[in-house]
Amino acid sequence: MSDEQSYKRVYTGPETNVQYLQELYEEAGITFRVRNDFESSLRAGFGSTPGQVLLFVLKKDYEEALKIAMTTFPKDFTDE
2 MSDEQSYKRV YTGPETNVQY LQELYEEAGI TFRVRNDFES SLRAGFGSTP
52 GQVLLFVLKK DYEEALKIAM TTFPKDFTDE
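Be aware that the sequence shown starts at 2, since it is given in our numbering, and climbs by one per residue.
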């Protein structure tokens, strides 16, 4: 299985929220990766949506990571 396939996106939101979730995931022993398309596009000279950072976890940790994210930032998971 390739490295990209072993991770699943669990959260997209402001960088500060992602940083907080990273701390919680570290405490829980959950492996994660962060992708900031805005930072990458700035370095490359392209445009992108500012402030939205993607947080990925290993597929095996997805359910636990999602529960933590939904408990921590419940408003980010509603369809209102």
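For every residue, glycine included, the Cβ atom is placed at its ideal position computed from N, Cα and C. Given the structure is predicted, the values throughout are model-derived calculations rather than measurements.
| Asked | Found |
| --- | --- |
| Selected residue, minimal CA-CA separation from F74, among K60, Q20 and N37 | Q20 |
| Any non-hydrogen atom of the ligand HEM within 7 Å of L67 CB | Absence of the ligand HEM from the depicted structure is noted, as is the absence of any ligand whatsoever, leaving it without description. |
| The beta strand (DSSP E) enclosing T79, as first and last residue numbers | Per DSSP, T79 belongs to no beta strand (DSSP E) and is neither H nor E. |
| N-terminal and C-terminal residue of the alpha helix (DSSP H) that T13 is part of | It is not in any alpha helix (DSSP H) - T13 instead sits in the beta strand (DSSP E) that spans Y8 to G14. |
| Euclidean distance between Cα positions of E27 and D62 | 12 Å |
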